[in-house]
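Each residue of the sequence shown is one higher than the last, beginning at 61 in the numbering used here. For glycine and all other residues, C-beta sits at the position ideal for the given N, C-alpha and C. This structure is a prediction, so every number in the text was calculated from the model and none was measured. Step one of this worksheet: look at the structure below.
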Amino acid sequence: MATKSYPRHSSNNGDSCCCSRCLCGCFNCCCKCLCSCIGYFFNYVLSIICNIIIAVVIFAVLFWLIVRPNYIKFTATDTSLTQFNFRNNNTLHYDLSIKIAIRNPNRRVGIYYNNIEMLAFYKDVRFGSQTFGKFFQSHKNTSFLNAVFRGQKVIPLSSDQILELDKETKNGVYAIVVKILLKARFTLGLFKTWEGNPMVRCDLQVPLKSGNEFLATNCDWDDKWWLFR
61 MATKSYPRHS SNNGDSCCCS RCLCGCFNCC CKCLCSCIGY FFNYVLSIIC NIIIAVVIFA
121 VLFWLIVRPN YIKFTATDTS LTQFNFRNNN TLHYDLSIKI AIRNPNRRVG IYYNNIEMLA
181 FYKDVRFGSQ TFGKFFQSHK NTSFLNAVFR GQKVIPLSSD QILELDKETK NGVYAIVVKI
241 LLKARFTLGL FKTWEGNPMV RCDLQVPLKS GNEFLATNCD WDDKWWLFR
């Protein structure tokens, strides 16, 4: 009895296809897993950032509602100008004293002044400066700064500024600007804020001592802190 022989089919092609499909499936799975992990990580970080921002906003609002902080008030209360004249090639000779009152109207907030620098300007040129040491100002308190500017300074003047100077000399009143540079932070109990660097500007009409009387002048904040009203 004759035996039938059946042709053998090679399984190499089938095995390679299976391997390819298996590798592709593993690669797609790894990609999906990696993308899922990255997406989860970014969502987690974003969630933390949003929670921090919300917490800071809530804290700031509650702090403002409870404390109701006010701006510190700076006032030039008195001046003494005994010398203010130009000699020899635009050289200004000056002798000026200024008294500044610092009023903290807040009921709960105190201020640490780490540094205060007072600068005097005439025609946008600085001619004097004085630095004050650090001190603490408690709530509902008024402190005073007494600055003395004495010496000489070369201040080049334009023709228009010379005309203004002549007019001021005739009237006996000079337009002098005082800038107060602060390094300060606020305290409420054990809580202390970051250190700020605001500036206060005082536009003064300063009379010679032998002339008109000085009128007390309120100063303005150049850099206002949004927390205060």
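Mark residue i as exposed unless 16 or more other C-beta atoms lie within 10 angstroms of its C-beta, in which case mark it buried.
i, result
"alanine 136", "buried"
"tyrosine 104", "exposed"
"leucine 152", "buried"
"asparagine 166", "buried"
"valine 260", "buried"
"isoleucine 112", "exposed"
If you compare alpha carbons, which of the options is closest to residue i?
i, options, result
"phenylalanine 192", "Glu177, Lys183, Ser203 and His199", "Glu177"
"asparagine 175", "Pro216, Phe195 and Phe246", "Phe195"
"serine 140", "Asn231, Thr277 and Pro267", "Pro267"
"asparagine 278", "Tyr182, Tyr131 and Leu106", "Tyr131"
"serine 157", "Val169, Phe144, Asn150 and Thr151", "Phe144"
"leucine 275", "Glu228, Leu122 and Asp138", "Asp138"
"alanine 207", "Asp184, Ile114 and Gln190", "Gln190"
"threonine 142", "Thr229, Arg186, Leu106 and Leu250", "Thr229"
Do the CB positions of residue i and residue j come within less than 8 Å of each other?
i, j, result
"alanine 244", "threonine 202", "no"
"asparagine 164", "glutamine 212", "no"
"asparagine 272", "valine 237", "no"
"phenylalanine 209", "tyrosine 154", "yes"
"threonine 247", "tyrosine 172", "yes"
Starting from residue i, follow the beta strand (DSSP E) in both directions and report where the run begins and ends.
i, result
"serine 203", "201 to 214"
"leucine 242", "233 to 248"
"serine 189", "185 to 192"
"threonine 139", "133 to 147"
"phenylalanine 274", "From DSSP, phenylalanine 274 is part of no beta strand (DSSP E); its letter is neither H nor E."
Would you kindly report the start and end of the unbroken alpha helix (DSSP H) that includes residue i?
i, result
"threonine 293", "Since the first residue of the chain shown is 61 and the last is 289, residue 293 is not available in this structure."
Would you kindly work out how many angstroms separate the C-alpha atoms of residue i and residue j, rounded to a whole number?
i, j, result
"valine 117", "isoleucine 109", "12 Å"
"asparagine 257", "serine 96", "46 Å"
"leucine 179", "phenylalanine 134", "14 Å"
"glycine 188", "proline 129", "33 Å"
"aspartate 220", "leucine 264", "20 Å"
"valine 159", "threonine 253", "Per the sequence presented here, residue 159 reads as lysine, with valine not at that position. Distance between the alpha carbons of lysine 159 and threonine 253: 28 Å."
"valine 169", "histidine 199", "6 Å"
"glycine 99", "alanine 115", "24 Å"
"cysteine 262", "asparagine 148", "29 Å"
"aspartate 282", "phenylalanine 101", "43 Å"
"proline 216", "leucine 225", "12 Å"
"serine 107", "serine 218", "60 Å"
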